[in-house]
Amino acid sequence: MESYRIARGRGAGAIFALFAFAVAAPAIAALQNTKHTPAAAKTASLSDEYIVKAIGSRSAPITMEVFSDYQCPSCGGLYEQTLKPLIADYVASGKVYLVHRDFPLPIHKYGYEAARWVNAAAVVGKYPEVEAALYDNQASWSADGNIAKYVASAIPGDFKHVEKLMESCPIETAPGGVTPASYSQAGKTAHGCPFDYSIEKDKALGNTVPVSATPTFRFTYKGRAYGPMSGVVSWPIMKQFLDQLLRQ
Amino acid sequence: MSEPSNSKTGRILVVIGRLALAAVFLFAAYAKLKPQTPEPWSVDSIKTSLSMFAMQVDSYQMLSSESADFVAHSLPFFELALGLWILSGIWLRISSVASTLLLGGFFAIMVRTYAKGLEINCGCFGPGEHLGPKTLIRDGSLLALSIAVAIGAYLLARRKTNPPEPAASPIGFERAR
Numbered sequence: 002m003e004s005y006r007i008a009r010g011r012g013a014g015a016i017f018a019l020f021a022f023a024v025a026a027p028a029i030a031a032l033q034n035t036k037h038t039p040a041a042a043k044t045a046s047l048s049d050e051y052i053v054k055a056i057g058s059r060s061a062p063i064t065m066e067v068f069s070d071y072q073c074p075s076c077g078g079l080y081e082q083t084l085k086p087l088i089a090d091y092v093a094s095g096k097v098y099l100v101h102r103d104f105p106l107p108i109h110k111y112g113y114e115a116a117r118w119v120n121a122a123a124v125v126g127k128y129p130e131v132e133a134a135l136y137d138n139q140a141s142w143s144a145d146g147n148i149a150k151y152v153a154s155a156i157p158g159d160f161k162h163v164e165k166l167m168e169s170c171p172i173e174t175a176p177g178g179v180t181p182a183s184y185s186q187a188g189k190t191a192h193g194c195p196f197d198y199s200i201e202k203d204k205a206l207g208n209t210v211p212v213s214a215t216p217t218f219r220f221t222y223k224g225r226a227y228g229p230m231s232g233v234v235s236w237p238i239m240k241q242f243l244d245q246l247l248r249q
Numbered sequence: 060m061s062e063p064s065n066s067k068t069g070r071i072l073v074v075i076g077r078l079a080l081a082a083v084f085l086f087a088a089y090a091k092l093k094p095q096t097p098e099p100w101s102v103d104s105i106k107t108s109l110s111m112f113a114m115q116v117d118s119y120q121m122l123s124s125e126s127a128d129f130v131a132h133s134l135p136f137f138e139l140a141l142g143l144w145i146l147s148g149i150w151l152r153i154s155s156v157a158s159t160l161l162l163g164g165f166f167a168i169m170v171r172t173y174a175k176g177l178e179i180n181c182g183c184f185g186p187g188e189h190l191g192p193k194t195l196i197r198d199g200s201l202l203a204l205s206i207a208v209a210i211g212a213y214l215l216a217r218r219k220t221n222p223p224e225p226a227a228s229p230i231g232f233e234r235a236r
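These protein sequence lines are chains D and E, in that order.
Reminder that position 160 of the first sequence reads as 161 in the working numbering, one-by-one numbering, no gaps.
Reminder that position 128 of the second sequence reads as 187 in the working numbering, one-by-one numbering, no gaps.
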């Protein structure tokens, strides 16, 4: 009788183990699949995924958001005069988390296209390099629209990958900073450019700030928002403001 | 002797203009000094507001960093003092000239900035206000008001020191003869 009970108990245990395996196996397989998602599958889902363009630690006490257009001269001025020392000093030391928000303006012919290239570079983790290259050579590519040349020189090792990502973003679908006609509110594009979703999301956020000109920036510290402010501010003056915030 | 009606109207208009100018300066100072986020007033909040205002002054790209910093840390207190002075009505001729000079300076800087195509915040009444035609019209109107108050204050003062001669009466005429 006891051996029968043991046998019955063992049988029930085996059935339970089989059931548990049947339930867990597909879940484990799914988890393993997500760990090893091929790059192609990942890029296919980019059209509804927001691409973060940021430098620094997310846990930095101050977050600075900059709404800018890569072709806008003042944005270039802010980057060269102020953001470069900011990145080298306060971002590098973990005091500031610098977030870029795309806000291409209709008056700039190649602003939207440049934003797409930077978003594509961000996907491969090369956003800072490409942003620096575009601002450093703003006058050149603004004249002839040859953005790819400077992206290639900034990230020679990853350029092929970025170029492949940009294959679905023909230039004619990014008419001078204007939302591409193919873009729909749902976040997809008829032409399939996967970066327009992030650009449009940034623009929509900018309109709530509201951004009336570029560059416009704002700061968040201890959950409080400071700004927005527009124009080029020299590094010593911005540094003084950041120090004042950190002293609070 | 009763005051002539046009002098009385002029006096009332000058008082209204004076109060409006004082309110503008006091509000401008308040907007620059007040905490820029929902937090209580403190020395730190004022320092933060002033360093934010320094960024706005600097964005005009007219001054060195040191000068922009000095202007940003002194202008709100000067506006506060000027607002109180105009409100008090003491030496109105001088205070209204001071306000005209200050507003004239602001207006000239804003016109220059707009003409240069700089897309910046005005910084006139706190952050977030874009410098454009609307702000130029507003500041131009304030300058006109300040000029009007200054002229009014001078005219009233002149009338006080040189009161108009009373109209000759037939009796007076007879006496003179």
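The beta carbon of each residue, even a glycine, is placed where N, CA and C say it ideally should be.
Note that the structure is a prediction, hence the values are computed from the model and not measured.
Check	Outcome
I want to see whether chain D comes within less than 9 Å of residue 113 of chain E, judged by CB atoms only; does it?	yes
Considering just the uninterrupted stretch of the alpha helix (DSSP H) at residue 132 of chain D, what are its terminal residues?	128 to 137
For residue 218 of chain D, which of D:59, D:116, D:98 and D:93 has the nearest alpha-carbon?	D:98
Please go through the same chain and pick out, in chain order, the residues whose beta-carbon is closer than 7 Å to the beta-carbon of residue 199 of chain E, but skip the five residues on each side of it.	166
Using the Cα positions of residue 111 of chain E and residue 242 of chain D, report the straight-line distance between them to the nearest angstrom.	6 Å
Between the region 83 to 91 of chain D and the region 115 to 126 of chain D, can you find at least three pairs of beta-carbon atoms closer than 8 Å?	no
Note down, in chain order, every chain D residue with its Cβ under 7 Å from the Cβ of residue 127 of chain E.	238
Applying the criterion that 16 or more other CB atoms from any shown protein chain within 10 Å of the CB defines a buried residue, is residue 121 of chain E buried or exposed?	exposed
Which chain D residues sit within Cβ distance under 9 Å of residue 106 of chain E?	245, 248 and 249
Leaving out five residues before and five after residue 153 of chain D in sequence, what residues of the same chain have Cβ atoms less than 7 Å from its Cβ?	160
Taking residue 170 of chain D as the reference, give the member of D:109, D:134, D:158 and D:193 with the closest Cα.	D:193
Taking C-beta to C-beta, are residue 216 of chain E and residue 152 of chain E nearer than 9 Å?	yes
Identify the contact partners of residue 17 of chain E in chain D, using a Cβ-Cβ distance below 7 Å as the criterion.	Since the first residue shown for chain E is 60 and the last is 236, residue 17 of chain E is missing from the structure and cannot be characterised.
Between residue 220 of chain E and residue 145 of chain E, what straight-line distance do the alpha-carbon atoms span, to the nearest angstrom?	21 Å
Could you give the residue range of the alpha helix (DSSP H) that holds residue 152 of chain D?	148 to 155
For residue 98 of chain E, go through chain D and note every residue whose CB falls closer than 8 Å to its CB, in chain order.	225
Which residue from E:135, E:94 and E:142 puts its Cα closest to that of residue 225 of chain D?	E:94
Given a cut-off of 9 Å, decide if residue 120 of chain D and residue 196 of chain D are closer than it, judged by their beta-carbon atoms.	yes
Residues in its own chain within less than 6 Å of residue 232 of chain D by CB, not counting five upstream and five downstream?	none
Compare the C-beta of residue 92 of chain E against all C-beta atoms of chain D and say whether one is closer than 9 Å.	no
What is the rounded straight-line gap between the Cα of residue 62 of chain D and the Cα of residue 246 of chain D?	9 Å
So if DSSP puts residue 221 of chain D in a beta bridge, which residue, or which two residues, is it bridged to?	D:64 and D:226
Under a three-way DSSP split, which group does residue 231 of chain D fall into?	strand
Please confirm if residue 201 of chain E has its CB atom under 9 Å from at least one CB of chain D.	no
By Cβ distance below 8 Å, which residues in the same chain neighbour residue 149 of chain E in space, the five residues on each side in sequence not counted?	none
Write down the C-beta distance between residue 75 of chain D and residue 237 of chain D rounded to the nearest angstrom, noting that I regard them as a contact closer than 8 Å.	Wrong, their Cβ atoms sit about 18 Å apart, outside the cutoff.
Using a Cβ-Cβ distance under 9 Å, would residue 186 of chain E count as near chain D?	yes
I want to know whether the region 99 to 112 of chain D touches the region 200 to 211 of chain D - three or more CB-CB distances under 8 Å.	yes
Assign residue 122 of chain E to one of three DSSP states: helix, strand, or coil.	coil
How about residue 133 of chain E: is its C-beta nearer than 9 Å to some C-beta of chain D?	no
Alpha carbon to alpha carbon, how far is residue 116 of chain E from residue 128 of chain E? Give it in angstroms, no decimals.	8 Å
From residue 113 of chain D to residue 220 of chain D, what distance separates their C-alpha atoms?	25 Å
So, under 8 Å CB-CB, residue 234 of chain D and residue 114 of chain E are touching, yes? Tell me the CB distance rounded to an integer number of Å.	5 Å
Establish whether the CB of residue 103 of chain E and some CB of chain D are separated by less than 9 Å.	yes
Give me the Cα-Cα distance between residue 188 of chain D and residue 52 of chain D, rounded to the nearest whole angstrom.	Reliability of the predicted coordinates at residue 188 of chain D is poor, the pLDDT of 49 falling under 50, and the value obtained from them is presented with this limitation in mind. Taking the straight line from one Cα to the other gives about 13 Å.
Are residue 90 of chain E and residue 185 of chain E closer than 9 Å when you measure CB to CB?	yes
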